[in-house]
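Protein chains in written order, with this note's numbering: chain W, 121 to 341; chain H, 121 to 341.
Quick reminder that beta carbons are idealized off the backbone N, C-alpha and C, glycines included.
The structure presented is a predicted model; accordingly, all values stated were derived computationally and were not measured.
Protein chains: 2
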Amino acid sequence: MRDLYHDELQALIESMVEMTKLVGAAISQATTALLEADLELAEKVISADRMIDLLTNEVEDRSLDVMARQAPVAGELRATIAGLRVVTDVERMGDLALHIAKVARRRYPASAIPASLRPVITRMGEVSGTIVGKVERLIAEHDLTLADEIERDDDDMDDLHRQLFTAMLSPQWDQPVECAIDVTLCGRYYERFCDHGVSVARRVRFRVTGEPQHREALPRV
Amino acid sequence: MRDLYHDELQALIESMVEMTKLVGAAISQATTALLEADLELAEKVISADRMIDLLTNEVEDRSLDVMARQAPVAGELRATIAGLRVVTDVERMGDLALHIAKVARRRYPASAIPASLRPVITRMGEVSGTIVGKVERLIAEHDLTLADEIERDDDDMDDLHRQLFTAMLSPQWDQPVECAIDVTLCGRYYERFCDHGVSVARRVRFRVTGEPQHREALPRV
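1) Between which two residues does the alpha helix (DSSP H) containing residue 273(W) stretch?
2) Between residue 146(H) and residue 260(H), how many whole angstroms is the CB-CB distance? I'm expecting something under 8 Å.
3) I'd like to know if the segment 146-164 of chain W and the segment 218-238 of chain W are in contact, where contact means that at least 3 CB-CB pairs between them fall below 8 Å.
4) Return the residue from the list 192(W), 240(W), 210(W), 188(W) that minimises the CA-CA distance to residue 194(H).
5) Tell me which residues of the segment 296-330 of chain W have at least one Cβ-Cβ distance to chain H shorter than 8 Å, keeping chain order.
6) Let me make sure I understand the geometry here. Which of 126(W), 137(W), 124(W), 127(W) has the alpha-carbon closest to that of residue 252(W)?
7) In this structure, how does DSSP classify residue 338(H) when only helix, strand and coil are distinguished?
8) Does residue 144(H) pass the burial test, meaning 16 or more other C-beta atoms within 10 Å, or should it be called exposed?
9) Less than 7 Å between C-beta atoms, sequence neighbours within five positions excluded: which residues of the same chain meet that for residue 283(H)?
10) Can you give the Cα-Cα distance for residue 294(H) and residue 287(H), rounded to whole angstroms?
11) What's the gap between the Cα of residue 257(W) and the Cα of residue 300(H)?
12) Compare the C-alpha of residue 129(W) against each of 173(W), 204(W), 248(W), 318(W) and name the closest.
13) Please name the residue, chosen from 152(W), 180(W), 127(W), that lies closest to residue 243(W) on a Cα-to-Cα basis.
14) Anything in the segment 182-198 of chain W with a Cβ closer than 7 Å to a Cβ of chain H? List those residues in chain order, please.
15) DSSP state of residue 183(W), grouped into three classes?
16) Residue 254(W) to residue 212(W), Cα distance in whole Å?
17) Since residue 258(W) meets chain H, which of its residues come closer than 7 Å, beta carbon to beta carbon?
18) Assuming residue 398(H) contacts residue 317(H) under a Cβ cut-off of 8 Å, what Cβ separation, rounded to an integer in Å, is found between them?
19) Given that a residue counts as buried once 16 or more other Cβ atoms are within 10 Å of its Cβ, and exposed if not, what is residue 181(H)?
20) Select from the segment 128-141 of chain H all residues with a C-beta closer than 8 Å to any C-beta belonging to chain W, and list them in chain order.
21) Give the C-beta separation of residue 139(H) and residue 166(H) to the nearest angstrom, bearing in mind that I take them to be a contact with Cβ-Cβ under 8 Å.
22) Which same chain residues end up closer than 7 Å to residue 229(H) when comparing Cβ atoms and leaving out the 5 residues on each side of it in sequence?
23) With a cut-off of 8 Å on the beta carbons, I'd call residue 197(H) and residue 132(W) a contact; round off their distance for me.
24) Using a 10 Å radius around the Cβ and a threshold of 16 neighbouring Cβ atoms, would you call residue 323(H) buried or exposed?
25) If you count every other CB in all the chains shown that lies within 10 Å of the CB of residue 149(W), and 16 or more means buried, which is it?
26) So residue 305(W) and residue 308(H) are supposed to be a Cβ contact under 8 Å. How far apart are they, rounded?
27) Report the CB separation of residue 142(H) from residue 214(H) in whole angstroms; it is logged as a contact under 8 Å.
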């Protein structure tokens, strides 16, 4: 019975890794679609989000099913609920990649990002990709050095986010208002994407060490 | 044992109602702070969010404790996990009220909202207040007419959100870029606030009727 339980948990972890890989592809493609005004790629991200949602529903249903059948003891119960919350964070990261793709689609055939901000958005896409890659390994391996790295990577994201505002508020800014709106929205999407990565890092750290996770600072799931 | 279990669940519902009341006060005060450039009120919302976070942690810990001690059967397990997710939605609504208060504080002594958009933002605050009030009653009473109303109220919010963009993109728009940034961010915060209300409505409806909740359209928790 216990062996079956642990096999089922392992299968759930594998599905979560698969979801996270899809989210990694989504944020990378959404960033390219945004920078290159690539409508086809934007549409691809938008339709692929449905697969992430289906996987999410499936992992959630299977988790609840395992919990209902196996009546996990206290520690296992908390671990499984923490797993459910990680799933939710990853799924939400997928939604945020989708939102970025929708901005790219809305502004096609132009790019929503002015030339002066391409380097910052490029970096935001890279940092997001780095974080989601580490989330994937963290779910699979529970290596807490990855959790620490994710927190540091998120500091880089916060710096990049501030650079967007600094650029838009500088006297050199000469873009139309729709550009300011799109840059503000995309900046928020990338920032939240990485916040959810930090949330996963803190949940995994808490499960492994029992160390408090400064919960009030977390994006809640 | 079962009586004790149900007493504990009832106490959890009462704490969730208390949390939701605090969030209702927060969104109302944040909107006033934003429109009236009321720094004191903005600071009040910002410090009160800590109480919402503490209540959230307490309700989550008690829920997990009840689940671990009482080993709920399948239906109860799903209901308790759904309750945990409602808590998360309500806590996130509190964060979004906090973000609005922070915009008010950042722009003080000016108001972040230009005169032409005051009616729209006033209505966004009212609709948000209506939704959070219905969320509170829905948690306490499980009356599904409230869930239906919340979905309709959220359609009003989506209309208001579109009105913000229409105004900013009209030829009459003559505000500086920081104003477009703040309006874009606040619009997003109000919209997400109401999305989480819809999420609660769908979770409660699903628990009561078993009717599918179109999960892919939900803000996930």
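Taking the coordinates as given:
1) Position 153 of the first sequence, counting from 1, holds the residue named residue 273(W). 264-288 is the extent of the alpha helix (DSSP H) around residue 273(W).
2) For the purposes of this step, residue 146(H) is taken as residue 26 along the second sequence, with counting starting at 1. For the purposes of this step, residue 260(H) is taken as residue 140 along the second sequence, with counting starting at 1. With 8 Å as the limit, residue 146(H) and residue 260(H) do not qualify as a contact, their Cβ atoms being about 19 Å apart.
3) yes
4) The residue labelled residue 194(H) in the question sits at position 74 within the second sequence. For the residues 192(W), 240(W), 210(W), 188(W), the minimum Cα distance to residue 194(H) belongs to 188(W).
5) 297, 298, 300, 301, 304, 305, 308
6) If you number the first sequence from 1, residue 252(W) lands on position 132. For the residues 126(W), 137(W), 124(W), 127(W), the minimum Cα distance to residue 252(W) belongs to 137(W).
7) As a first step, residue 338(H) must be located in the second sequence, where it is residue number 218. With a pLDDT of only 47 at residue 338(H), under 50, the local geometry of the prediction cannot be trusted, and no value is derived from it.
8) Here residue 144(H) corresponds to residue number 24 of the second sequence, with the count starting at 1. Label assigned to residue 144(H): buried.
9) Locating residue 283(H) in the second sequence gives position 163, counting from the first residue. For residue 283(H), where only same-chain residues beyond five positions count, the Cβ hits under 7 Å are 240.
10) Within the second sequence, numbered from 1, the residue matching residue 294(H) stands at position 174. Within the second sequence, numbered from 1, the residue matching residue 287(H) stands at position 167. The straight-line gap from Cα to Cα measures roughly 10 Å.
11) Mapped onto the first sequence, residue 257(W) falls at position 137. Mapped onto the second sequence, residue 300(H) falls at position 180. One C-alpha to the other measures close to 39 Å.
12) Translated into positions along the first sequence, residue 129(W) becomes position 9. Considering only alpha carbons, the answer is 204(W).
13) Indexing the first sequence from 1 puts residue 243(W) at position 123. Selected option, being the one with the closest Cα: 152(W).
14) 184, 187, 188, 191, 194, 197, 198
15) On the first sequence, position 63 is the one that residue 183(W) refers to. Residue state, collapsed to three classes: helix.
16) Counting from 1 along the first sequence, the entry for residue 254(W) is found at position 134. Counting from 1 along the first sequence, the entry for residue 212(W) is found at position 92. Whole-angstrom Cα-Cα distance: 16 Å.
17) Taking the first residue of the first sequence as 1, we reach residue 258(W) at position 138. What residue 258(W) touches in chain H: nothing, since even the nearest Cβ is about 19 Å away.
18) Nothing about residue 398(H) can be read from this structure; chain H reaches only from 121 to 341.
19) On the second sequence, residue 181(H) is found 61 positions in, with the first residue counted as 1. It is exposed - the Cβ of residue 181(H) has fewer than 16 other Cβ atoms within 10 Å.
20) none
21) The residue labelled residue 139(H) in the question sits at position 19 within the second sequence. The residue labelled residue 166(H) in the question sits at position 46 within the second sequence. Not confirmed; about 17 Å, so no contact.
22) Locating residue 229(H) in the second sequence gives position 109, where the first residue counts as 1. Closer than 7 Å at Cβ, skipping near neighbours: 157.
23) Counted from its first residue, the second sequence places residue 197(H) at position 77. Counted from its first residue, the first sequence places residue 132(W) at position 12. 16 Å between Cβ atoms; not a contact.
24) One-based indexing of the second sequence puts residue 323(H) at position 203. Looking at its Cβ environment, which holds 16 or more other Cβ atoms inside 10 Å, residue 323(H) is buried.
25) For this step, residue 149(W) is matched to residue 29 along the first sequence. That one is buried.
26) Against the first sequence, residue 305(W) aligns to sequence position 185. Against the second sequence, residue 308(H) aligns to sequence position 188. Going by Cβ atoms, the distance from residue 305(W) to residue 308(H) rounds to 7 Å, so yes, they are a contact pair.
27) By one-based count along the second sequence, residue 142(H) stands at place 22. By one-based count along the second sequence, residue 214(H) stands at place 94. Indeed they touch by this definition, with Cβ atoms about 7 Å apart.
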